[in-house]
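Here the structure is laid out as structure tokens; the discussion comes afterwards.
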Amino acid sequence: MNFHVLTLFPEMIEQGLHTSITGRSLEKGTITLHTVNIRNYTVNKHKKVDDYPYGGGAGMLMQAQPVYDAYRAVVEKISERKGENSKVPRVIYLTPQGRVFNQSMARELAGEEDLIFLCGHYEGIDERVLEEIVTDNISIGDYVLTGGELPALVLMDAISRMVPGVLGNQESGDTESHSNYLLEYPQYSRPEIWHDKKVPEILLSGDHAKVEEWRLERSLEKTQKLRPDLYQKWVSENEEYFIRKKKREERKKRNERKKEKKLAF
Ligand code: SAM
Numbered sequence: 008m009n010f011h012v013l014t015l016f017p018e019m020i021e022q023g024l025h026t027s028i029t030g031r032s033l034e035k036g037t038i039t040l041h042t043v044n045i046r047n048y049t050v051n052k053h054k055k056v057d058d059y060p061y062g063g064g065a066g067m068l069m070q071a072q073p074v075y076d077a078y079r080a081v082v083e084k085i086s087e088r089k090g091e092n093s094k095v096p097r098v099i100y101l102t103p104q105g106r107v108f109n110q111s112m113a114r115e116l117a118g119e120e121d122l123i124f125l126c127g128h129y130e131g132i133d134e135r136v137l138e139e140i141v142t143d144n145i146s147i148g149d150y151v152l153t154g155g156e157l158p159a160l161v162l163m164d165a166i167s168r169m170v171p172g173v174l175g176n177q178e179s180g181d182t183e184s185h186s187n188y189l190l191e192y193p194q195y196s197r198p199e200i201w202h203d204k205k206v207p208e209i210l211l212s213g214d215h216a217k218v219e220e221w222r223l224e225r226s227l228e229k230t231q232k233l234r235p236d237l238y239q240k241w242v243s244e245n246e247e248y249f250i251r252k253k254k255r256e257e258r259k260k261r262n263e264r265k266k267e268k269k270l271a272f
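First residue of the sequence shown? That's 8 in my numbering, and the numbers climb one at a time after it.
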């Protein structure tokens with residue numbers, strides 16, 4: 008996975024991604040990062056990249072020219088590496104007007120070889136260049152930030168976790184919250200007792216099947232309580248789970264009754 012970021016603040020992106028798991032993945036080469044300072048591409052002799060919006064209104068707007076030239080430079084660099092006829096990579100404009108980002112979008116984007124992120128600033132970017140280069144408009148939530156750098160870092164972090172080899176244990180990406188609508192089950196580490204609270208007995212039992220069953224039950228409880236909207240989605244796609252559970256409980260009750268009868272006899 009090769010990330011290319013068009014930004015006015017490359018140092019923010021570099022520092023953010025060069026930490027923790029993404030930092031280690033950059034060192035290993037599992038992901039790569041190429042930041043491009045849009046300001047380096049302006050033809051303005053004062054290095055200006057913004058101007059007043061036509062029609063008036065608050066604030067300044069990033070101009071089309073430096074954004075477009077920075078984009079062209081990235082595309083050329085990619086086609087030098089991959090060949091002239093290679094697919095032009097997707098360009099993600101981070102914008103509060105876009106589709107709100109989620110885990111399945113992260114998983115889908117992780118399948119790309121190259122992704123270009125475009126970070127806006129000020130009041131945004133001249134619409135004409137957006138129309139020409141952007142393939143995906145993505146938001147990280149219904150609120151307005153100062154720039155697209157934090158959203159780009161959010162996306163790159165979540166996407167990286169879906170790239171094979173980034174997480175030490177690939178399984179942890181598959182069982183985390185939002186991998187299947189369910190929130191992750193509660194987890195515990197040493198010591199066994201802390202503030203008079205004991206780790207649930209089943210987790211110390213070594214019985215993997217029972218632990219898995221317990222975890223699914225706790226995931227369901229937690230999701231129902233904290234995110235009833237996600238719980239409903241899971242239920243509608245997993246009706247057979249409740250049918251199987253009901254059958255298991257009925258079988259258990261029948262067996263208990265049989266045992267009681269035998270004892271009475
Ligand atoms: N005037 C714009 C509007 O109302 O849609 C908002 C501009 S915002 C101050 C500056 C830049 O921050 C945007 O161009 C975008 O790149 C980024 N940004 C702000 N909020 C965002 C969000 N929720 N998700 C993704 N990007 C965001």
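Backbone N, C-alpha and C fix where the C-beta goes; we use that ideal spot for every residue, glycine too. All of these numbers come straight from a predicted model, not from anything done at the bench.
query: First and last residue of the uninterrupted beta strand (DSSP E) at F10; result: N9 to T14
query: N-terminal and C-terminal residue of the alpha helix (DSSP H) that V136 is part of; result: E134 to I140
query: Sub-8 angstroms separation of E130 and P60 beta-carbons; result: yes
query: Boundaries (first-last residue) of the alpha helix (DSSP H) holding P198; result: No alpha helix (DSSP H) contains P198, which DSSP labels as neither H nor E.
query: Runs of alpha helix (DSSP H) wholly within the region 59-136 (minimum 4 residues, chain order); result: 71-89 and 110-116
query: Candidates E91, E220 and S226, of which the one nearest R251 by Cα; result: E220
query: Same chain, Cβ closer than 8 angstroms to R225, neighbours up to 5 away in sequence not counted; result: Y192 and P193
query: Collapsed DSSP secondary structure at S27 in the structure displayed; result: helix
query: Integer-rounded CB distance, given that V161 should sit under 8 angstroms from T37; result: Wrong, their Cβ atoms sit about 19 angstroms apart, outside the cutoff.
query: Host beta strand (DSSP E) of T37 (start-end); result: Careful: T37 lies outside any beta strand (DSSP E) and carries neither H nor E.
query: Bounding residues of the alpha helix (DSSP H) (the contiguous stretch that carries N144); result: First-last for N144: D143 to S146, but that is the beta strand (DSSP E), not the alpha helix (DSSP H).
query: C-alpha gap between A77 and G175, whole angstroms; result: 35 angstroms
query: Contact test: V5 Cβ vs the ligand SAM heavy atom, cutoff 7 angstroms; result: With the chain covering only 8 through 272, there is no way to say anything about residue 5.
query: Backbone secondary structure at D181 - three-state DSSP; result: helix
query: heavy atom of the ligand SAM below 7 angstroms from P73 C-beta; result: no
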